[in-house]
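Number 322 marks the last residue of the sequence shown (the numbering used here); no jumps.
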Amino acid sequence: MVEFRERIGPLLKELNLRSQTQENDGGIEVYFVPRKKEHDPYLSHSTVSIFFDDRETAGLREATWERAWLSVEQHERRPIGDTGWYHRRWWDSEFSKLPTEREEMWQFIEQNFRERPFVTMEIGSDEIESEELYDAYQNIVSLPEHLRIEGLAIEQQLTDEGLVESIVFDDVHGRQVRLEFHQVGAKCRAFVDGEPVGFFHNSRESTVATMAYFLYADNSERAGYHLRF
94 MVEFRERIGP
104 LLKELNLRSQ
114 TQENDGGIEV
124 YFVPRKKEHD
134 PYLSHSTVSI
144 FFDDRETAGL
154 REATWERAWL
164 SVEQHERRPI
174 GDTGWYHRRW
184 WDSEFSKLPT
194 EREEMWQFIE
204 QNFRERPFVT
214 MEIGSDEIES
224 EELYDAYQNI
234 VSLPEHLRIE
244 GLAIEQQLTD
254 EGLVESIVFD
264 DVHGRQVRLE
274 FHQVGAKCRA
284 FVDGEPVGFF
294 HNSRESTVAT
304 MAYFLYADNS
314 ERAGYHLRF
């Protein structure tokens, strides 16, 4: 890390970053956060991290650049269909083996620091927090053509139970169907025309999509297979 501080330290200062380390299952991760050491509720950080292979796994006495990887988070906000809402989260990470030639390696690291985005977890006013809602929505719009649900919308409400985010649509008779996703607890509620019809488990997104279609088609018997009361 002495060599790292000498080569990358000035760049981190320029970009207002400092390094932190943590041990993961695969080894040691060096990640980068704002220089100010104060509480940050938005977990701001660079999308660039450097991973060193676990010393025991690699059969080495210490971490080396020859067994290091540069990781870039794919962390961005994505639209939820054409509802006007978005969802932001970590989607994946892209790993690159560092160049073996030392000077080329430093240039590669610097280039990524300059070109890759700095992210914050602050939620925008047009963003949905629930990962389960986003995944359920994607499963619903991916249903086969003959099972397609028209007029999907998203709503967000702050209630006595906390933040509630919902997928809303009308069934074949024009009655409003609401699938509520709650921040607290895995059980969420389904309503038809304001009347509760049961609870569903928010982590089973493909099941939620099937349930949504049967509610849309007013097939309460089939929808009931996916609901609890």
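For each residue, glycine too, the CB sits at the ideal point set by N, CA and C. Source: prediction; values computed, not measured.
Query: Bridge partners - Asp263, DSSP secondary structure assignment; Result: Gln269
Query: Residue range of the unbroken alpha helix (DSSP H) whose run includes Ala324; Result: Given that the chain is displayed from residue 94 to residue 322, the structure contains no residue 324 and the question cannot be resolved.
Query: Beta-carbon proximity of Arg209 to Val290, cut-off 8 Å; Result: no
Query: Short Cβ contact (8 Å threshold) for Glu288 with Arg282; Result: no
Query: Residue span of the alpha helix (DSSP H) that contains Gln115, given as start and end; Result: First-last for Gln115: 110-117, but that is the beta strand (DSSP E), not the alpha helix (DSSP H).
Query: Secondary structure of Ile249, DSSP reduced to three states; Result: The identity of residue 249 in the sequence shown is Gln, whereas the question assumes Ile. Here Gln249 sits in strand by DSSP.
Query: Enclosing beta strand (DSSP E) for Asp158 [first to last residue]; Result: The sequence shown places Trp at residue 158, not Asp. Here Trp158 belongs to no beta strand (DSSP E), and DSSP marks it neither H nor E.
Query: Alpha-carbon to alpha-carbon, Arg271 and Glu200; Result: The sequence given here places Gln at residue 200; Glu does not occur at that position. Rounded to the nearest angstrom, the two C-alpha atoms are 52 Å apart.
Query: Proximity below 8 Å, CB of Leu110 to CB of Trp158; Result: no
Query: Cβ shell of Tyr309 (< 7 Å), same chain only, five flanking positions each side left out; Result: Ile242, Phe262, Asp264, Val265, Val270
Query: Proximity below 8 Å, CB of Phe97 to CB of Gly120; Result: no
Query: Residue range of the alpha helix (DSSP H) that includes Ser299; Result: 298-309
Query: Rounded C-alpha distance that separates Ala302 from Ala316; Result: 10 Å
Query: Identity of the residue in Met304, Glu254, Asp147 nearest Phe292 by Cα; Result: Met304
Query: Spatial distance of Ser299 from Phe322 (CA atoms); Result: 20 Å
Query: For Pro289, the first and last residue of its enclosing beta strand (DSSP E); Result: 288-294
Query: Exposed unless 16 or more other CB atoms sit within 10 angstroms - verdict on Leu136; Result: exposed
Query: N-terminal and C-terminal residue of the alpha helix (DSSP H) that Lys106 is part of; Result: 95-107
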